[in-house]
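Numbering (the working numbering), first residue to last: 241 to 1029. The next block holds one structure in the form of structure tokens; read it before the comments.
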């Protein structure tokens, strides 16, 4: 929108920039057309003008976006773009390419928070992104690598699995940053849809704005994570993520509850089915049994293992071909559909659907295994934990963990192997085998060769006229084991275990106090005792068992600016205008000026923790960060003399003389000169010259209407024509006549200041009937400012 300031000329008034119209007895009325202004600054208004603010649509390169998604650094991304010929394509140097890549990476990082909640992308105002580009950003952000999905498929989406991402990254060759993004997306989708009701695929599509194909892949991941299917066994390693996703889609579409009805129907018709599959009863029973148990949690988890062990391996041992197998499944499926219990029109549609799913799964997983050559076949000889397969005996044998596991027992603990495992016992509590009875036993206590009568009871001996207790422990008359302590009592003794040990059989074995959770965090077992330790960020309480948080902020945490204590750790934060450094402690000044060239209208100056805007000479800074021209003529800061007139222009002012009339013209008012008709030289010259002044900005859009001329006195029968009499030698301007009494001065070419044009705009009025012709000139001084504002 443009605002038009109309200025009429009168002999006793100087130039004014106002909306008031003034009478003028000559033939001109002038209009200044203020150009349309556009800015990307928000909520910035200038008095007497209307600003139109438009957002800056960000430019995104899909190839750079993919490099960012793949977890590449800026340096690697620049190198890959250069290898792809980006420098030749855009005719730029390496520095420009690096700057462009860094800017786009920053933009993607700023957008990432929005992409984690896709519905916010369309509603936010920070980035103006077209709808088709929004769809691309969301779809690409949630895409994942099939090999990565295969590694985490069926696992619990928790911190425990996230710790394994380093190994997955090394195994698959996918960047760790990309692995983390994909894993976080899996976990985010799982957490959201877990609370929603309704169809799984539709919920994912609606909430995350994904395509149908990608939503179904995420549904497969959620389905496997929720049901905890076993997918990591060695027998299933040949299956890809697409294989499992196909199975998940079939199960989601057709799998419904009703195991009781299913099993009842199968039992009723089992003999009919055997008639249909008389030659392959074992395989038929295997499929029926697997299908009938699909609603039991344990059996559901082992679905694929059951298919391999109970169906695939028997087929492989019988050397079935793929064509034979498909023929069998086709006949099996058609036979099942003929049974009354499998008809959708009666009470058991669940059975038919579950069997259909099972057959689809069978068709998927069988060919890749059955078609193996004999040399490629695996033995699948697996033993229980603690045992290994003995090739010679074809049996499982115990593993001596004390020999195979380095450092199986640490500290003062000793390793003892047993079948299927091992024990860690104190070194002082070594296992002592009870001694076998010897043929000649020697008394442990000296006895008299003559069997004198002992009047004292057992455990006592005569001492004068009294009976004294025998200290069996001191005299080594006890049968306590080396790991036990002998405690003498009156008349006898007892064998006790030291503190921290318990008696198992005849031995004292160290008590593992850590099994009883005496410690809040970490427990370290030692022979006969234990000690507690706390995780980093905590310290032991007075009871030496509990852990209390350490306030690192009060203990000199290395935060450069602000420190916030949290449970078990602390966080460093920076003041506004600073960004936290990679070390997590230091604060680096944010160069706001480098993020956008639209923060300030003229020049942005970065400062510690902030930025400021400056304006060129002749302008003043507004609170909206715009620059406004200073009117030196109104403020009195001009240097014009008494016989001069001050004319304000963009970025400065001009001092012009009161009398600018040149012979043969004479001055009749402050800005008007006439050529008297009594002078002979005036016959071929314009009758009057009116002086006017205006200012425009540099680089103004063209063509642009800047000045309107209009006749105020109209003579009957007169024809008026307008032209530029002088001053437009280079063709920067032209006159467009509107009608018989009005014309417009048009800027034809973009001009750059500071510069001054003096244009003589002439209107010629002629009446052929009356043989009359006259002309008048408006001498317009056009000052071009040094800036575009």
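For glycine and all other residues, C-beta sits at the position ideal for the given N, C-alpha and C.
- Taking the C-beta atoms as reference points, residue 449 is found no nearer than 8 angstroms to residue 427.
- Cβ-Cβ distances below 7 angstroms link residue 990 to 939, 940 and 942 in the same chain, with the five nearest sequence neighbours on each side left out; the list follows chain order.
- By a beta-carbon distance limit of 8 angstroms, residue 808 contacts residue 778. Their separation comes to about 6 angstroms.
- Taking a contact to require three or more Cβ pairs closer than 8 angstroms, the segment 387-394 and the segment 463-477 qualify as touching.
- Around the beta carbon of residue 757, fewer than 16 other beta carbons lie within 10 angstroms, which makes this residue exposed.
- Per DSSP, residue 429 lies in no beta strand (DSSP E) segment; the continuous alpha helix (DSSP H) that holds it begins and ends at 416-434.
- Annotated three-state conformation of residue 629 is strand, per DSSP.
- By the 16-neighbour rule on beta-carbons within 10 angstroms, residue 929 is buried.
- Note that the C-beta distance between residue 791 and residue 805 is below 8 angstroms.
- Between residue 387 and the set 377, 378, 418 and 360, the nearest pair of CA atoms involves 418.
- Excluding the 5 residues flanking it on each side, residue 456 has same chain C-beta neighbours closer than 8 angstroms at 441, 485 and 489, in chain order.
- In terms of Cβ geometry, residue 867 and residue 842 form a close pair [threshold 8 angstroms].
- Classified as buried, residue 937 has 16 or more neighbouring CB atoms from the shown chains inside 10 Å of its CB.
- Apart from sequence neighbours up to five positions away, the residues of its chain that approach residue 414 with a beta-carbon distance below 6 angstroms are 385 and 388, ordered along the chain.
- Residue state for residue 662 is assigned as strand, using DSSP reduced to three classes.
- An exposed status is given to residue 658, since fewer than 16 other beta-carbon atoms sit within 10 Å of its beta-carbon.
- Secondary structure at residue 954: coil, using DSSP grouped into helix, strand and coil.
- Its chain contains 545 as the residues whose beta carbon lies nearer than 7 angstroms to that of residue 473, once the 5 sequence neighbours on both sides are disregarded; these appear in chain order.
- In terms of CA proximity to residue 827, 819 leads the group 833, 819 and 834.
- Counting C-beta pairs closer than 8 angstroms gives fewer than three between the segment 849-867 and the segment 895-906, which falls short of the contact rule.
- Going by C-alpha positions, residue 378 is about 12 angstroms away from residue 353.
- Close CB contacts of residue 699 within its chain, under the 6 angstroms cut and outside five residues either way in sequence, are with 710, 731 and 732 (chain order).
- The shortest CA-to-CA distance from residue 890 to any of 302, 348 and 1029 is the one to 1029.
- Excluding five sequence positions before and after residue 660, the CB atoms of its chain that fall closer than 8 angstroms to its own CB belong to 624, 625, 626, 627 and 638, given in chain order.
- The secondary-structure analysis by DSSP pairs residue 963 across a beta bridge with 1002.
- Annotation: residue 356 to residue 851 spans about 31 angstroms, alpha carbon to alpha carbon.
- For residue 1026, same chain residues with a beta-carbon under 6 angstroms away, outside a window of 5 residues either side, are 891, 993 and 994 in chain order.
- Taken through DSSP and simplified to helix, strand or coil, residue 921 comes out as helix.
- Of 350, 318, 347 and 718, the smallest CA-CA separation from residue 336 is found for 318.
- When the beta-carbon positions are compared, residue 962 and residue 1003 come within less than 8 angstroms of each other.
- Its Cα nearest to that of residue 726, the residue 748 stands out among 832, 706 and 748.
- Going by C-alpha positions, residue 369 is about 49 angstroms away from residue 878.
- The Cβ-Cβ distance between residue 772 and residue 785 falls below 8 angstroms.
- Burial is judged here by how many other beta carbons sit within 10 angstroms of a residue's own beta carbon; residue 372 has fewer than 16 and is exposed.
- If you ignore the 5 residues before and after residue 832, its C-beta comes within less than 8 angstroms of the C-beta of 817, 839, 844, 846, 850 and 851, all in its own chain and listed in chain order.
- For residue 982, the secondary structure class from DSSP, reduced to helix, strand or coil, is strand.
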